[in-house]
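Protein chains in written order, with our numbering: chain A, 41 to 263; chain B, 339 to 627.
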Amino acid sequence: MSLLAKKVLGVSLATALVGALIGLYVAAWATSQPPTIVATSAPPSSGGDRLTLMTVPAIGPKYSPTHPDWVSYLIRKNGKWVHSTIYTVPANSIIHVTIYQYDSPTGLRNPYLSQVQGTIGGTMTVDGKTVNSIPPEETSHTFVIPELGVFIPLPGVSEEAKNPCEFAPCEGADTRTVTFSFYSGKKGRYHWQCFVPCAAGFINGLGGPMQTVGYMDGFLNVV
Amino acid sequence: MSSSQAAEPHGGGGEPNHAVRFAVLWVVVTVIALPVVIFVIGPLLGPGNGSEQSGAQGTDYTVLATVATPVLTLVVLYLLYAVTFFRQPKGAALEGPAIRGDARVQTTWIIITSLLVLGLAAFGTVRLETNYGSGSGSGPSPLTVPKGPKLPVQVIAQQWLFTYRYPTYGGVETRQLYLPKGEMVELHVTSIDVIHSFWAYKLGVKADANPGVDNVAFVRPTKLMSFGVRCAELCGVWHGYMYNNENRVVTPAAFLAWIHAQQKRLAPATKVLPPYAKTYIPEPSRRGE
C-alpha cells in the first residue's frame, strides 16, 4: 500500500470514528428522558390511584447539576422526591393528585386557564378550600393535559412568605397545597405542560425548562 | 434498424413519421386520461366538502390537474417514445444528430406555456377573491368580504394550545371550536406569543396566527361533522401536540345549546378575561415582569 493510500485510509477511519462518536452522543442526548414513575394506589376509601407532585422555583444542584436554577416539577415515589415528569396511571380510573406548590406567582398570559376544568366536580381544593378558579395574576404554574381537557391552575406562594423555598427539595418551606381528581380515560400517551411563562431568562418565558421534558412538561402514560 | 437510421429519427430511410405518430398517441392518451383525472382523481385531491371553501378548493385542484394532464402526458409519453424508438442499437456509440434552434417550435412552446401559466394565475386570483380568500388568512383587511350576517370567532394561539372566543356570546373562550352548519363564519386568527398557523383541514381553512396581527379568514361549513385543528407552523418543542380533534360542525340549534352551556360552564374564566380585542399583548411576557 502506498503512503498516500495509507494516509487516505487513516484520515477516513479517523473521520468515521469521530463521526460515529458524535452520532452516538447526539442519539444519547436526543433519546434521554427522565424515569417513568408509576402512580401509587390510593387508600381503599377513595379508590383509584394517586400522584403526589411538587413544583419548585429551582430544581437545585442535587437533582440537576446542569440546570440547577430551572423551575421544575418533582414526583414522590416511595417517600422520596424524584426528578421526573413522565407518569404512568391506569386507564379508566380515578386519579387523585396532590400538588405541593412552592413557587411565587408569575401570572397567566391567557386568563382562560385560570379556571379549573376536567376534574371530577369541576373543582379543586387549595389549602383545603374548594374552588373552581383562581385569580389569573396569582397563578404560579399550571398542570394541564390538553387532550384530556384537564386544566389546573396552581396559586403561588405569597411574595411576602416568611419561609420561601429556594430550591428543591422544598419540604418545610411555605407552600400551597392543591388537590384534585380526574378520570384517566382511555389508554394513550398524553402530553402535559405548564402554561405560565415561568422560564426565567428565556424569550416569552417559554424556553428552557418549558421545552425540556423533566421540568415543566412531560407525559402521562395511561395504560 | 441500422445505426444510421437510428441517428435520423425524424423520417427518411423508410422511417415512420414520428411526429404524426407521436401526436396521435399523445392525443389518444390525453383523451383517455382527462376523464380519469377529472372524475376519479379529482374528487380525491381536495380536503372534501366540509365547507364551501374546501369544496371550491377541490374544484380548483381538479382544474389545475386537468390543465396539467396534457403537459404531463406529453412529457412522459415523449420520454417513453424516445426510449422505445430512438434507442441506440446495442454496440453502437454514435452521436445523435445536432439539433439547431427551431423558431417555430420555440415560439409555439413559449406562447403555450405563457398562456397556461398566465391563465392559471388569472384563474387562481379570480377564484381566491370571489371565494373570499378561499379559506386562507387574508390579513386584517380582506379584499372581499361576504355580504350578510357572519358569526365572528376569534382563534387564539399560544404555545401549545388553540382556544376560541365568541365575541357575540359574551366573549366566552372555549377549548373546542363549534360552528353552526350553513352560517358564514368570520375567523379572526391571532397569537399571544410566537408564530403559529391555524389549520382546519376538513374546513379548508389555513391562516397564520401571528402575535399582534388580526388575520381574517371566512368559512361557511356545509356538512355536519367533527374536524381536527392543528398548528401548521413549527412553534416549539411541543408543536406536534398542538392539535385538537374534538371540534364539530353542528346544526344552528345545537350550536346555540352548546354555546349557552359553555357560557354557563366557563363563567368564572369569562369574568377575568380581558375585553374582547382584535389582538392581545398580554403580560407577563416572561417571569419576573
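For glycine and all other residues, C-beta sits at the position ideal for the given N, C-alpha and C.
Under the DSSP definition of a beta bridge, residue 526(B) partners with 492(B), 554(B). Positions of the beta strand (DSSP E) runs, each at least 3 residues long and wholly inside the region 99 to 138 of chain A, are given as 112 to 117, 120 to 122, 126 to 129 in order along the chain.
Listed in chain order, the non-local C-beta contacts of residue 480(B) below 8 Å within the same chain comprise 470, 471, 554, 556, local neighbours out to five positions each way being set aside. Buried is the label assigned to residue 513(B), since at least 16 other Cβ atoms lie within 10 Å of its Cβ. Among the bridge pairs identified by DSSP, residue 222(A) is matched with 135(A). Counted as a single uninterrupted DSSP element, the beta strand (DSSP E) harbouring residue 92(A) occupies residues 89 to 96. The beta carbon of residue 152(A) falls within 8 Å of a beta carbon belonging to chain B, placing the residue at that interface. Identification of chain A residues near residue 496(B) by a Cβ-Cβ cut-off of 8 Å yields 149, 150, 235, ordered along the chain. Residue 74(A) places its beta carbon less than 8 Å from that of residue 125(A). Within the region 520 to 550 of chain B, contact with chain A at the beta-carbon level (separation under 8 Å) is assigned to 530, 531, 532. With a beta-carbon spacing of about 5 Å, residue 180(A) and residue 143(A) fall inside the 8 Å limit used to define contacts. Beta-bridge annotation (DSSP): residue 231(A) is paired with 259(A). Within chain B, the residues 606 have their CB atoms less than 8 Å from the CB of residue 172(A), given in chain order. In this structure, the alpha-carbon of residue 440(B) lies about 14 Å from that of residue 449(B). Between residue 499(B) and chain A, the shortest Cβ-Cβ separation is below 8 Å. Annotation: residue 477(B) has no Cβ neighbours in chain A at a cutoff of 8 Å; minimum Cβ distance is about 23 Å. For residue 596(B), no Cβ of chain A is located within less than 8 Å of the residue's own Cβ. The CB of residue 513(B) comes closer than 9 Å to the CB of 152, 157, 186, 189, 191 in chain A, given here in chain order. Assigned with DSSP and collapsed to three states, residue 242(A) falls in coil, not helix or strand.
Assigned with DSSP and collapsed to three states, residue 192(A) falls in strand. Around residue 613(B), no beta-carbon contact reaches into chain A at under 9 Å, the shortest distance being about 12 Å.
In this chain, the beta strand (DSSP E) harbouring residue 536(B) covers 534 to 538. Cβ neighbours of residue 466(B) within its own chain (closer than 6 Å, five residues either side excluded): 472. For residue 579(B), a Cβ of chain A is located within less than 8 Å of the residue's own Cβ. In this structure, the straight-line span from the alpha carbon of residue 195(A) to that of residue 475(B) is close to 37 Å. For the C-beta of residue 176(A), the chain B residues within less than 8 Å are, from N- to C-terminus, 610. The C-alpha of residue 260(A) is placed about 11 Å away from the C-alpha of residue 184(A). In the DSSP assignment, residue 178(A) falls outside any beta strand (DSSP E), carrying neither H nor E. By the criterion of a C-beta distance shorter than 6 Å, residue 582(B) is surrounded in its chain by 567, once the five residues flanking it on both sides are discounted. At least 8 Å separates the CB of residue 203(A) from every CB of chain B.
Under the Cβ criterion of 8 Å, residue 493(B) is not counted among the residues facing chain A. A direct Cα-Cα distance of roughly 28 Å separates residue 169(A) from residue 78(A). Every unbroken stretch of the beta strand (DSSP E) spanning 3 or more residues and falling wholly within the region 431 to 517 of chain B is given here in chain order: 489 to 496, 499 to 504, 510 to 512.
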